[in-house]
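Inspection log for the structure reproduced underneath, given as structure tokens.
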Amino acid sequence: MKLKKVLTGDRCKWLCRRKACAGSCTIVTGSIFFGAESSLASLTLLRYEWSAKSSVSRAMVETGLDRSTVLDWYRLLRNFLFDYEFDRTSRQIGGTGMTVEVDETKVVRQKYHIGCVSASHKEWLRVETKTQGVLNDLILRHVAPGTRILSDCWAGYNGLSALGFQHETVNHSHNFVDPLQGDVHTQRIENVWRWLKHFLKQKGTNICGSLEGYFAEYMFRKKHEANVFEALVAVIARETC
């Protein structure tokens, strides 16, 4: 391969020396930036503004990009993170000797989500109907056998013990924390729902069509809240092929 300057936004590209090949690539080939009309410098700055939770208006001022471009890239980043986060949902959390809290909530009209939270991991998935069969199937898929599962007393969780889990419940009609066993509660997952809904409320009311993307954004920010920009750069680099 040899490097050649060309009149493109990327400034240069690599060309294969073999005439039979005539292949070429740039520094953005295989990345989410491939085919972008904006300069790589402005898009790098835009990633920083997104990481800093800058509004669209602020990002426009800082990057010099128009509103449509900023909106498109904010959406693209959410979708990219959705693919990154949820491509890995085949993994299981918990295991023997570990505790996972399970709870369900309605985020927007007719869209239910089930959440599974351990001390170090969070998983949540959208369900169209929250029947016992649907929830049991999701829990079996995402929570490892032998896990100690904590939930409320909703009937949909009945039968978890028969599926190989150590299932303990707290009756929210009487207590949020079991008075006899202080470690039996769903406080952690309830707190996750509370902050997630606060995050979604800040995004406005017209988010139903992009709900999964906003979920992925929230998950990513919570995991990397100390260094969102650096983590985003690392993920993009890792996912570039």
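Numbering follows full-length UniProt numbering, in which position 55 of the sequence shown is assigned residue number 55; successive positions increment by one, without gaps. Think of the CB as a built atom: it goes at the ideal place given N, C-alpha and C, for glycine as much as any other residue.
Are there 16 or more other CB atoms within 10 angstroms of the CB of glycine 35, so buried, or fewer, so exposed?
-> A residue is called buried when at least 16 other Cβ atoms come within 10 angstroms of its Cβ; glycine 35 does not meet this threshold and is exposed.
Sorted by chain position, which residues of the same chain lie with C-beta nearer than 6 Å to tryptophan 193's C-beta, five sequence neighbours on each side aside?
-> When the five nearest sequence neighbours on each side are left out, the beta carbons in the same chain lying within less than 6 Å of the beta carbon of tryptophan 193 are those of Thr105, in order along the chain.
Segment contact flag, the region 56–65 with the region 195–204, C-beta cutoff 8 Å, min 3 pairs = Because the criterion of three Cβ pairs below 8 Å is not met, the region 56–65 and the region 195–204 do not touch.
Residue range of the alpha helix (DSSP H) that includes serine 151 | Looking at the DSSP string, serine 151 is not in any alpha helix (DSSP H); the run it does join, the beta strand (DSSP E), is 148–152.
With which residues is threonine 44 paired in a DSSP beta bridge?
-> In the DSSP output, where bridge partners are listed per residue, threonine 44 has none listed.
Just the Cα atoms here: how many angstroms apart are aspartate 83 and leucine 15?
-> The straight-line gap separating the alpha-carbon atoms of aspartate 83 and leucine 15 is approximately 31 Å.
Apply the 10 Å Cβ neighbour rule to serine 24 and answer buried if 16 or more other Cβ atoms are within range, or exposed otherwise.
-> Exposed, by the Cβ-count rule.
Distance between leucine 140 and serine 161 (C-alpha atoms, nearest Å) | Between serine 161 and leucine 140, the alpha-carbon positions lie close to 11 Å from each other.
Should the region 26–42 be called in touch with the region 219–227, which here means at least 3 C-beta pairs below 8 Å?
-> Taking 8 Å as the limit for Cβ pairs, the verdict is that the region 219–227 does not touch the region 26–42.
Looking only at C-alpha atoms, which of Arg47, Ile93 and Gln92 sits nearest to aspartate 72?
-> Distance check between aspartate 72 and each of Arg47, Ile93 and Gln92 places Arg47 closest, using alpha-carbon atoms only.
May I ask you to report which of helix, strand or coil DSSP gives glutamine 187?
-> It is helical.
Straight-line gap, alanine 144 to valine 170 (C-alpha atoms, nearest Å) = So the alpha carbons of these two residues sit roughly 21 Å apart.
What number of angstroms, rounded off, separates the C-alpha of glycine 97 from the C-alpha of phenylalanine 229?
-> As the crow flies, the alpha-carbon of glycine 97 is around 35 Å from that of phenylalanine 229.
Measure the C-alpha to C-alpha separation of leucine 135 and alanine 20 and round it to an integer number of angstroms.
-> When rounded, the separation of the alpha-carbon atoms in leucine 135 and alanine 20 is 56 Å.
Under 8 Å, do alanine 216 and leucine 81 count as touching if we go by C-beta distance?
-> Yes, the Cβ-Cβ distance between alanine 216 and leucine 81 is below 8 Å.
Check each candidate in Leu150, Glu239, Ala155 and Ala231 and name the one with the smallest Cα separation from glycine 94.
-> Comparing Cα-Cα distances from glycine 94 to each of Leu150, Glu239, Ala155 and Ala231, the minimum goes to Leu150.
Give the straight-line distance between the Cα atoms of isoleucine 27 and serine 210, rounded to the nearest whole angstrom.
-> If I take the Cα positions, the gap works out to 30 Å.
DSSP state of lysine 106, grouped into three classes?
-> When DSSP states are grouped into helix, strand and coil, lysine 106 belongs to the strand group.
What do you get for aspartate 137, buried or exposed, if any count of 16 or more other CB atoms within 10 angstroms of its CB means buried?
-> Counting Cβ neighbours within 10 Å, aspartate 137 comes out exposed, since fewer than 16 surround it.
Pull up the distance between the alpha-carbon of tyrosine 74 and that of glycine 159, whole angstroms please.
-> When rounded, the distance between both Cα atoms is 42 Å.
Tell me whether glutamate 101 is buried or exposed, calling it buried when 16 or more other Cβ atoms sit within 10 Å of its Cβ.
-> So glutamate 101 ends up on the buried side.
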